[in-house]
Structure formats: C-alpha cells, structure tokens
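Novice: In terms of numbering that gives the first Met the number 0, the sequence shown opens at residue 0 and continues consecutively.
Glycine included, each C-beta is placed from N, C-alpha and C at the ideal position.
Below you will find the structure I want to go over with you.
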Amino acid sequence: MIAQLLTPAYLPFTFSFVLMLGIGLIEAIGFGLGHLDLDGDANVDTDAGLLAWLGLGGEMPILIWLTSLLACFTIVGSALQQGVTAAAGAPLSWPAASGAALVIGLPLNTLVANMLARVMPGFETTAITTDDLLRSRGTILEGTARRGSPARAKVIDRHGQAHFVMVEPHDDAGALASGETALLVRRDGKLFYALPDTSALLQSI
0 MIAQLLTPAY LPFTFSFVLM LGIGLIEAIG FGLGHLDLDG DANVDTDAGL LAWLGLGGEM
60 PILIWLTSLL ACFTIVGSAL QQGVTAAAGA PLSWPAASGA ALVIGLPLNT LVANMLARVM
120 PGFETTAITT DDLLRSRGTI LEGTARRGSP ARAKVIDRHG QAHFVMVEPH DDAGALASGE
180 TALLVRRDGK LFYALPDTSA LLQSI
C-alpha cells in the first residue's frame, strides 16, 4: 500500500496528505497561543458570494479551510484512483486524477467547511482587527523602544489571545524599556505608538 502511494498516479494525493498533516500539526501546536503577526489592513476585493460558495464565509480561518480542502482532495483522489484501477486495471494519469479530484473536492469541501463553521462558533467571536488593539496594554519583550527604533511587544486582546506588534513611544523623546507596560494609543500601518503606564498623561486621565 505504501509503495502504491509513492507511484506517480498517487503522488499528488500523498503530497496533499502530508501537507494536511503538517498544517494540522501547526494548528494544534498554535491553538490558543494567539497570532505571531497581525495585519488587519488587508482588503481583498472578492465577490462575497464566491467566498460563501467556497466555504470561506463568516470568519472561517484560512488554515482550517485549507486543511479541510486538502483532506477532501486526498480522499476523493485516492478513492477515484482505486475505483478506476478496479474497473479498468490501471489508474488515471496524475494530471487527470488531480483535476477530477479538485472538481469534486471543492464542492465537497464547501459542505465540510460549513459544517465546521456551525460547530465552531468561536470563529465569529474571537476575530479582531488591528485597530481593536488600540487602548490595550502591551509589554515590551526585548530591547528599548525609541523613536525610529521600535521594539517588539506582546499584547493580550479582549479574547485572551496574544499578539506581537512593533511599538515606539508616543512622545518623541520617550523610551520604553524591556519589561515595561504601555498603552497603545495610535498606530501607523503595522507600527503602534504607546504611552508608558508611568506617563503623566495617563496619570491625569
């Protein structure tokens, strides 16, 4: 069976299976640990109806959707090759089998993704935008943040998820040392500006 999976006719589905396991492992390790990067400014001008048809409506995480698609592609492709082999004595060529598996797998994945979205409502409740981090406190992880020299900070959002952002002090002459906490007050692109908790401005609020 292993030798069969390594033949050219089955290689696309073997690769898909290995990739699915890799993504699943990454998701399992990273579940609940937050995002390593955050970019809420990406605007994709795509027809919402197409996204819904693909099963990407709502807030379905792309990695979960991709894992589901790879699973559908692998199962459909392997079953197709085995069925054709039993009927005709030989499997389809890998391009033909891959195309057929994709045509069948996409609508099948839509059903699976929609089912996952129903049983995992957390997808819709924990998604935030970059601006949602404003007025949150972050902790400088390493180095000292100065104007023109940002430092990496860890921010916990209202859902308890950790985000890692680059921070500079709000004041031109200010500095944020490692371990210091500060309030994110504004941003420019991916760069946040923060006031330290010891700031007189915060003390007066």
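#1: Could you tell me the distance, in whole angstroms, from the CA atom of Ile61 to the CA atom of Arg134?
#2: Can at least three beta-carbon pairs, one atom from the segment 185-201 and one from the segment 156-169, be found at a separation below 8 Å?
#3: Under the rule that 16 or more other beta-carbon atoms within 10 Å means buried, what is Gly178, buried or exposed?
#4: Between which residues of its own chain and Leu101 is the CB-CB distance below 7 Å, once the five residues before and five after are set aside?
#5: Among the candidates Thr197, Ser198, Gly76, whose CA atom is the shortest distance from the CA of Asp8?
#6: I need the DSSP call for Asp187, collapsed to helix, strand or coil.
#7: Could you pull the start and end residues of the alpha helix (DSSP H) that Gly147 belongs to?
#8: Using the rule of at least 16 other Cβ atoms within 10 Å of the residue's Cβ for burial, across every protein chain shown, is Pro106 buried or exposed?
#9: Grab me the residues of Ser92's own chain with a C-beta within less than 6 Å of its C-beta, minus the 5 sequence neighbours each way, in chain order.
#10: Can you give the Cα-Cα distance for Gly147 and Gly137, rounded to whole angstroms?
#11: Kindly identify the DSSP beta-bridge partner or partners of Gly137.
#12: Just the C-alpha distance for Thr213 and Ile103, rounded to the nearest angstrom, thanks.
#13: Tell me whether the beta-carbon of Asp156 lies closer than 8 Å to the beta-carbon of Asp130.
#14: With DSSP as the reference, label Asp46 as helix, strand or coil.
Specialist: Reading from the atomic positions:
#1: Counting from one through the sequence shown, the residue named residue 61 turns up at place 62. Counting from one through the sequence shown, the residue named residue 134 turns up at place 135. About 28 Å.
#2: yes
#3: As a position in the sequence shown, residue 178 is number 179, starting the count at 1. So Gly178 ends up on the exposed side.
#4: Position 102 of the sequence shown holds residue 101. Hits under 7 Å: Phe72.
#5: Against the sequence shown, residue 8 aligns to sequence position 9. Correcting the residue identity first, residue 8 is Ala in this sequence and not Asp. Measuring from the Cα of Ala8, the nearest candidate turns out to be Gly76.
#6: Walking along the sequence shown from the start, residue 187 turns up at place 188. Secondary structure of Asp187 (DSSP, three-state): strand.
#7: Looking up residue 147 in the sequence shown gives position 148. If you look at Gly147, you'll find it isn't in any alpha helix (DSSP H); DSSP assigns it neither H nor E.
#8: For the purposes of this step, residue 106 is taken as residue 107 along the sequence shown, with counting starting at 1. When all chains shown are included, Pro106 counts as exposed.
#9: Taking the first residue of the sequence shown as position 1, residue 92 is located at position 93. Around Ser92: no qualifying Cβ.
#10: Here residue 147 refers to the residue found at position 148 when the sequence shown is read from its first residue. Here residue 137 refers to the residue found at position 138 when the sequence shown is read from its first residue. Each residue's Cα considered, the two are about 18 Å apart.
#11: Counting from 1 along the sequence shown, the entry for residue 137 is found at position 138. According to DSSP, which records beta bridges pairwise, Gly137 is partnered with Val154, Ala181.
#12: Because the chain here runs from 0 to 204, residue 213 falls outside it and cannot be looked at.
#13: The residue given as residue 156 occupies position 157 in the sequence shown. The residue given as residue 130 occupies position 131 in the sequence shown. Not in contact: Asp156 and Asp130 (Cβ atoms no closer than 8 Å).
#14: Numbered from its first residue, the sequence shown carries residue 46 at position 47. Residue placement at Asp46 is poorly supported in this model, since its pLDDT is 45, which falls under 50; the coordinates still yield a value, given next. If DSSP states are grouped into helix, strand and coil, Asp46 belongs with coil.
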